[in-house]
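Numbering (the working numbering), first residue to last: 229 to 1365.
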């Protein structure tokens, strides 16, 4: 069976560049000779054996093995053989290392854009501006507050962190899938055992342990584990279709073709089902000649390199395009921001203030420009959706994990999402649409046609006993039904499928065939005429104890019925069966069964009485005639019960299901009708492979795309098709340009020969149970239960991934549009972004990452199957989504801008606008930020629906992750923005009564007596008290800090204090206008506490200094303003204080 030599000529396997070891000399035959021998066919091989070795026994002698006893089984001998000839096992392809997977993940466009933005942002954050003399160089403030300067790096680092997360998650996913797949493979490989003779004992050993010189026993239905030479055999046929594509069984014999080829050929882990058909019960022994499948590195890699790479998945393509578009838009916005800021600065400094450009000021100006550039980068960073790659990865990874539960083992992440866009599925029939277990479904017994198997009581006992004995002995004893491997599974059929169906009929009739076989063992059978394609029947002769003989026959109904002269009637008696009766049965029983795709088999018997002379057993035609018909049964491979429903779902979802099968066209058509692939009365094509090929090829025999285009839209069933037909059809549909969308084709396959079609398809499904290794290697998704319904699940998950990502996009882009516009206008109007880098980071990273997790884990619903596939050309962001994004963004912008430019009036607080860059956080901006975040949070709920559904809360509690994340984000947001001063219980420890509380109460008491002017004044005082009170609190905090932090440092004059608005040249008060109107202004503006932009009256600074125990204010420039007239209310306020 097998030297595993790569038959490179015939099968495109890979020649082994193995160095031939010198100690081949121990054996009289070398590895190279064996390999050369296995490449020959039939008569050439015979001639070679006769010329070089005499005969098969000559080879045995040279290999030091006995044809009868086998190898000695001595471990030293086995080891030596393995050293010389190699092991019988194909080394698996090297898995990609984790680092390779990481590198692959890094190639993503979105990630590259992010990496660049992050590196630029990081670089800039470490840029230290030079010191310079501010006073000379214009009035634009660039006060870096200590904290902000130190946190500049967070933004860049965080983006890099998000990139690292995405890459690691992606790589880890691929790696664990690969590991799962290899686990599955090795489990399957370890289970394969084979029977060999060692030391005269018949033992079973794992296939990998078979070595050159082993004598193996092959029985009916075995897969040959290695190449080999036949030593003796009986009526042996082998199915070499997986190697040669030749579907007829090849007869093997000592005098014609003694070479047996194993499965496991053609590059890589390949297992072909070469079934040995050993007949007449004799064991056939053979001898594996093995070669090493070792250093085939170079050639194999070359071959691999030429394979066309699969094009990007639909979603990948669209996302890459989108990422580039967003990147460009972001760049444009950030460029505009920088230009506007630079122009504003230049015009303001050199035009309005008419300053000369001084050489010593150059570093300071550069510092400004760098500052503007940083703001520009912030805008860009805000524009790029960091969460997007992560959302895609999370969504796919989550789906893949869940699909495992739905019996889909996904080997390539993107296959899962491509499946959502599938427009066509080309499915095998056997095992996918049907159960791949032949079953008796109808029977004609005692002159009744039963549409389902009758109860045993309905059948006369003598007919039943004929049936039981006949079927038990007249089926090969190698065919049997074993208990299921798993609890609740189906019983296992071993051996011939048709015979197992007949034995299954006995079990359905509550009878056990094994009892009969124990009574009549195989040796007791007098004569067996085995089944073959010429006879189309099988007969077994039993010799009874009284010397009479009985023959049981079974076979194709039209053949056996012609030989029947009697039939068992309803009462169990045999009655005459005339040709006219036969025609009746053919019309009323056999034809109706055949039209339903059933294979009909007739069971009959004949008695030879004891007294007559023994019949001439070799004259078969005289023996198998004059039979009595027992029954006619209809056998089919039943459609899986859940398939018709699944196919209906596919058709409703806009997916065309086509059946490609090797079965004959009538069976195929019948099954297709039962599945619902064909509907009666519709105009669809059912073609046979020959016919299909004739129609698609021109006179020269070349395939023409336009000919395929005429056929495929209507083709539903392709019968008697070869693997190449399947590949041709798939390729034809994919390359077709007839429909406006390119078709996305999924293919199911189980055989080695399906490999090319599986590779060509957009998504290849391999069967996990019946599939060969080759099919699994070539596939994208493995159906672990071989069931068509799992494909529908895959479609559902695929669409769900697509939708999850659309949902996330809708959410993310709303955030981005709003954030970019706010950052842009903010920077241009107030010279500073209202949303600080760290805050944007919180929104971008934390919220987006969590949102991607929340939206990507929405479970799929059946409603996903009610719409047509999106197709390749439909944009990722649909009109509805665009409407939602712009609508939400407009609403959010209105709210944010209202708060930004008028918020202080609503809430009666200090304005946060025009605070110098990096002033301490103000209540005003905190409100803006809080509102912004909460709007995003509620928009997350809106984003759950993208097809314009009205109810966004539908099924919200089905997704626990979503609810947890929304609530969690909400709580964290609350905690993070509550100012310390509001946490009263923390404050009580160090404070006396609050000053502001007293005047408020007094005010309440004598509110009536105070006239208008006095009220104005009083209000001013209150404002001052409030302001001072605040300052006091802040000063205390600062002192506390200073005492611990600043010891040993120089006086922090350069550090900006809370009052740094006083120190900034921008806010010098050059004209001493009277100050009373100031309070009026404030009053007019709804009591807005000391507007920072209207030069806060610095008169109280003596008090400040009195209150202040250690803040050094530099107030030279404010002196001019301090001289307010002693009589003014401010002065009195000052003194009273």
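All C-beta atoms, glycine included, are put in the ideal place defined by N, C-alpha and C. All values derive from a computational prediction rather than experimental measurement.
>> Which same chain residues end up closer than 7 Å to residue 787 when comparing Cβ atoms and leaving out the 5 residues on each side of it in sequence?
In response: Excluding residues up to 5 positions away in sequence, 764, 765 lie with their Cβ nearer than 7 Å to the Cβ of residue 787 in the same chain.
> Are there 16 or more other CB atoms within 10 angstroms of the CB of residue 1034, so buried, or fewer, so exposed?
Replying inline: Under this definition residue 1034 is a buried residue.
>> Using a Cβ-Cβ cutoff of less than 7 Å, which residues in the same chain neighbour residue 963 once the five nearest sequence positions on both sides are dropped?
In response: Listed in chain order, the non-local C-beta contacts of residue 963 below 7 Å within the same chain comprise 933, local neighbours out to five positions each way being set aside.
> What are the boundary residues of the beta strand (DSSP E) that residue 881 is part of?
Replying inline: For residue 881, there is no enclosing beta strand (DSSP E), since its DSSP letter is neither H nor E.
>> Using a 10 Å radius around the Cβ and a threshold of 16 neighbouring Cβ atoms, would you call residue 980 buried or exposed?
In response: By the 16-neighbour rule on beta-carbons within 10 angstroms, residue 980 is buried.
>> Short of 7 Å in beta carbon distance, which residues of its chain neighbour residue 853, apart from the five on each side in sequence? Order them along the chain.
In response: Correct list, in chain order: 791.
>> Pull the bridge partners of residue 976 from the DSSP assignment, please.
In response: Partner residues in the beta bridge of residue 976, as assigned by DSSP, are 993.
> Nearest to residue 758 by alpha carbon, out of 780, 737, 643?
Replying inline: With distances taken between Cα atoms, residue 758 lies closest to 780.
> Would you call the region 811-822 and the region 650-661 touching, i.e. three or more CB-CB distances under 8 Å?
Replying inline: No, the region 811-822 is not in contact with the region 650-661.
>> So, with DSSP's three-state summary, where would you put residue 1260?
In response: If DSSP states are grouped into helix, strand and coil, residue 1260 belongs with the helices.
>> I need the straight-line Cα distance from residue 391 to residue 616, nearest angstrom please.
In response: Distance between the alpha carbons of residue 391 and residue 616 is about 10 Å.
>> For a test of the three-state rule: what should DSSP assign to residue 736, helix, strand or coil?
In response: Note: residue 736 maps to helix in three-state DSSP.
> Under the rule that 16 or more other beta-carbon atoms within 10 Å means buried, what is residue 429, buried or exposed?
Replying inline: By the 10 Å Cβ count, residue 429 comes out exposed.
> Which runs of the beta strand (DSSP E) fall wholly inside the region 766-854 and span at least 3 residues, in chain order?
Replying inline: DSSP runs (the beta strand (DSSP E)) wholly in the region 766-854: 777-784, 792-796, 802-804, 827-836.
> Assuming residue 444 contacts residue 422 under a Cβ cut-off of 8 Å, what Cβ separation, rounded to an integer in Å, is found between them?
Replying inline: Their Cβ separation, rounded to whole angstroms, is 6 Å, which keeps residue 444 and residue 422 in contact under 8 Å.
>> With H, G and I counted as helix, E and B as strand and the rest as coil, what does DSSP make of residue 1001?
In response: Residue 1001 falls in the helix class under three-state DSSP.
>> Is it the case that the region 977-995 contacts the region 946-957, given that we only count it when at least three CB pairs across the two stretches are under 8 Å?
In response: Short answer: they touch.
>> Does residue 916 come out as helix, strand or coil in the three-state DSSP assignment?
In response: Residue 916 carries a strand assignment under DSSP once its states are collapsed to helix, strand and coil.
>> DSSP has residue 678 in a bridge; who is on the other side?
In response: Paired residue(s): 671.
> Secondary structure at residue 568, three-state DSSP: helix, strand or coil?
Replying inline: Reduced to three states, the DSSP call for residue 568 is helix.
> My guess is that residue 936 and residue 960 are in contact by the Cβ rule of under 8 Å, so how many angstroms apart are they, rounded?
Replying inline: Right, their Cβ atoms sit about 4 Å apart.
> Since residue 565 contacts residue 1056 with CB under 8 Å, what's their CB separation in whole angstroms?
Replying inline: About 7 Å separates the Cβ atoms of residue 565 and residue 1056, confirming a contact at the 8 Å cut-off.
> What's the call for residue 721, buried or exposed, on a 16-neighbour Cβ count within 10 Å?
Replying inline: Residue 721 comes out buried.
>> Could you give the first and the last residue of the continuous alpha helix (DSSP H) run that contains residue 689?
In response: Residue range 689-701 is occupied by the alpha helix (DSSP H) that includes residue 689.
> Helix, strand or coil for residue 397 per DSSP?
Replying inline: Per DSSP, reduced to three states, the secondary structure at residue 397 is helical.
> What residues match up with residue 705 in a beta bridge as DSSP calls it?
Replying inline: Partner(s): none; residue 705 has no beta bridge.
> When we look at the beta-carbon of residue 1054 and count the other beta-carbons within 10 Å, is it buried (16 or more) or exposed?
Replying inline: Buried, by the Cβ-count rule.
> In chain order, what residues of the same chain lie with their CB nearer than 8 Å to the CB of residue 874, ignoring the 5 residues before and after it?
Replying inline: 1016, 1017, 1019, 1020, listed in sequence order.
> What three-state label does DSSP hand residue 636 in the structure shown?
Replying inline: Residue state, collapsed to three classes: strand.
> CA-CA distance, residue 857 and residue 815?
Replying inline: Cα to Cα, residue 857 sits roughly 17 Å from residue 815.
>> Suppose contacts are defined by Cβ-Cβ distances below 7 Å. Is residue 638 in contact with residue 628 by that definition?
In response: In contact: residue 638 and residue 628 (Cβ atoms closer than 7 Å).
> Which one or two residues does DSSP pair with residue 1009 in a beta bridge?
Replying inline: Paired residues: 638, 993.
> For residue 739, which residues of its own chain have a beta-carbon under 6 Å away from its beta-carbon, when the five flanking residues on both sides are left out?
Replying inline: If we look at residue 739 and ignore the five residues flanking it on each side, its Cβ neighbours are 696.
>> Please identify the residue among 344, 406, 1014 whose C-alpha is closest to the C-alpha of residue 385.
In response: Cα-wise, what sits closest to residue 385 is 344.
>> Going by beta-carbon coordinates alone, are residue 1012 and residue 1026 separated by less than 7 Å?
In response: Contact: no.
>> Distance check for residue 1101 and residue 1044, CA to CA, integer angstroms please.
In response: Residue 1044 and residue 1101: Cα-Cα distance of roughly 25 Å.
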